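Number 423 marks the last residue of the sequence shown (this note's numbering); no jumps.
Even for Gly, the Cβ is constructed at its ideal location relative to N, Cα and C.
Just so we're clear, the structure is a prediction, and the values are computed from it rather than from any experiment.
Everything on this sheet refers to the single structure shown next.
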Amino acid sequence: MIRFEKRPQPSRLSSLATPLLAVMATMVFGGFLFAVLGKDPVQSIVTIFWEPLFGEFAFYYRPQLLIKGAPLVLIAIGLALGFKAGVWNIGAEGQYIMGAIFGAGVGLAFYPTESFWVFPLMILAGAFGGWMWATIPAILKVKFGTNEILVSLMLVYVAEQFLASMSLGLLKNPEGFGFPGSRNLQQYASAHNTDIIAGSGMHWGVVAALIAVIFAYVLLARHRLGFAIRVTGEAPRAARFGGVNPSRLILFCLGISGMLAGLAGMFEVSGPAGQITIDFNVGYGFTAIIVAFLGRLHPIGIMFAGLLMALTYIGGDIAQSQLQLPAAAIQVFQGMLLFFLLAFDLLTNYRVRIGSSEFPT
């Protein structure tokens with residue numbers, strides 16, 4: 063019989079090495095997956111991880127690391143704060159969508175006004191949209207004891223329907239010849255999240271992600287609230303005895319998580335995506351869960367994990383184009399990261415015992 067026995071003191075070295083081992087295992091088993099699909103496994107792995115950084119067209123792909131990594135880092139930072147406190151927000155994708163809708167809605171409401179204050183208003187609106195959507199499961203949990211995992215996840219599908227409604231209705235481009243989708247915000251200077259340095263990929267969403275990393279690091283390492291978050295996640299009873307208000311902590315963690323996801327959506331719709339469409343959301347809210355755990359719920363780790371995950375997005379697109387790998391295979395490859403990370407985490411915290419079970423008489 064196979065059973066797991068909790069280790070008295072997990073190895074710190076093993077815990078730190080877990081993300082690296084997960085990446086290596088993903089490469090190995092991902093190679094097997096690509097081989098089954100009839101592709102050269104070594105070439106596939108090299109294409110995904112090497113081409114975007116050092117390939118022939120790396121000068122074009124490198125800025126994409128910042129563009130694709132910024133929303134992942136922003137969302138993952140918010141999720142990590144909640145996860146550390148034992149508050150499980152699985153609905154960041156919905157909050158991302160609502161932030162984009164609110165931000166784009168404000169920008170389009172002032173179209174074609176050309177003024178410096180339009181974009182700051184969009185930032186506030188995007189943050190509010192994500193915060194509002196995350197506050198729904200927070201209030202339901204605090205007032206009625208509902209499960210925030212289920213509620214936040216269900217709200218993703220509500221947000222997707224709301225996105226489709228906006229694309230076909232209120233935010234639909236009146237000059238779009240009947241096609242769904244809003245005006246292109248990239249052609250509206252006051253609402254366009256353009257590169258701060260041309261061609262670098264460094265837009266305001268990247269700046270916001272860096273600020274979020276610094277904010278989260280200082281909060282967790284230096285602030286009393288960060289201490290309350292860590293204690294609540296590690297020892298809930300001790301936190302209650304220490305005077306931590308669980309209701310306020312739930313509202314804060316879900317609220318800040320939704321706000322950052324909403325900002326990610328706003329920066330995306332006003333920059334790389336450019337417009338509200340039915341298929342605007344690409345799964346950043348769910349992928350950010352992998353980023354949060356791959357970064358060990360630590361702000362600096364999340365920053366590097368976000369860049370790594372962005373690399374798999376870009377490399378995956380190259381592999382699809384050059385090697386004709388199916389998109390589903392790339393998604394499975396990304397999912398392997400979380401699977402192996404959780405598996406190695408389990409082995410770090412538990413010993414595997416093989417033998418007959420013993421039951422007291």
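- Checking the DSSP bridge columns, you'll see Val414 partnered with Phe66.
- A direct Cα-to-Cα measurement between Gly243 and Ile64 gives close to 54 angstroms.
- The alpha-carbon of Leu83 is positioned some 12 angstroms away from that of Met398.
- Judged by DSSP in its simplified three-state form, Val269 adopts helix.
- Relative to the Cα of Ile276, the nearest Cα in the group Val353, Ile362, Pro174, Phe224 belongs to Ile362.
- Apart from the 5 residues on each side of it in sequence, Phe145 sits with its Cβ closer than 7 angstroms to the Cβ of Ala354, Leu359 in its chain, given in chain order.
- Of the other Cβ atoms in all chains shown, 16 or more fall within 10 Å of the Cβ of Lys203; this residue is therefore buried.
- For Asn255, the closest alpha carbon among the candidates Ile129, Leu373, Ala390 is that of Ile129.
- Take Ile380, set aside five residues on each side of it, and the residues of its chain with a beta-carbon closer than 6 angstroms to its own are Thr109, Glu113, in chain order.
- Secondary structure at Thr349: helix, using DSSP grouped into helix, strand and coil.
- When the beta-carbon positions are compared, Ile211 and Trp150 come within less than 8 angstroms of each other.
- Membership of Ser383 in the alpha helix (DSSP H) is indicated by the continuous run 361-385.
- Per DSSP, the unbroken alpha helix (DSSP H) holding Leu322 starts and ends at 308-331.
- Cβ contact annotation for Gly304 (same chain, cutoff 7 angstroms, sequence separation greater than five): Val293, in chain order.
- For Glu118, the three-state secondary structure derived from DSSP is coil.
- DSSP, read as helix, strand or coil, puts Arg302 in helix.
- Across the structure, Ser73 and Cys315 are spaced so that their CA atoms are roughly 29 angstroms apart.
- Classified as buried, Thr88 has 16 or more neighbouring CB atoms from the shown chains inside 10 Å of its CB.
- In this structure, the alpha-carbon of Leu409 lies about 27 angstroms from that of Ala372.
- Linking Val104 to Ser319 through their CA atoms gives a straight-line distance of about 38 angstroms.
- When Phe94, Lys68, Ile107 are compared, the shortest CA-CA separation from Gln382 is found for Ile107.
- Contact check between the segment 336-350 and the segment 173-188: fewer than three CB pairs, one atom from each, fall below 8 angstroms, which does not count as touching.
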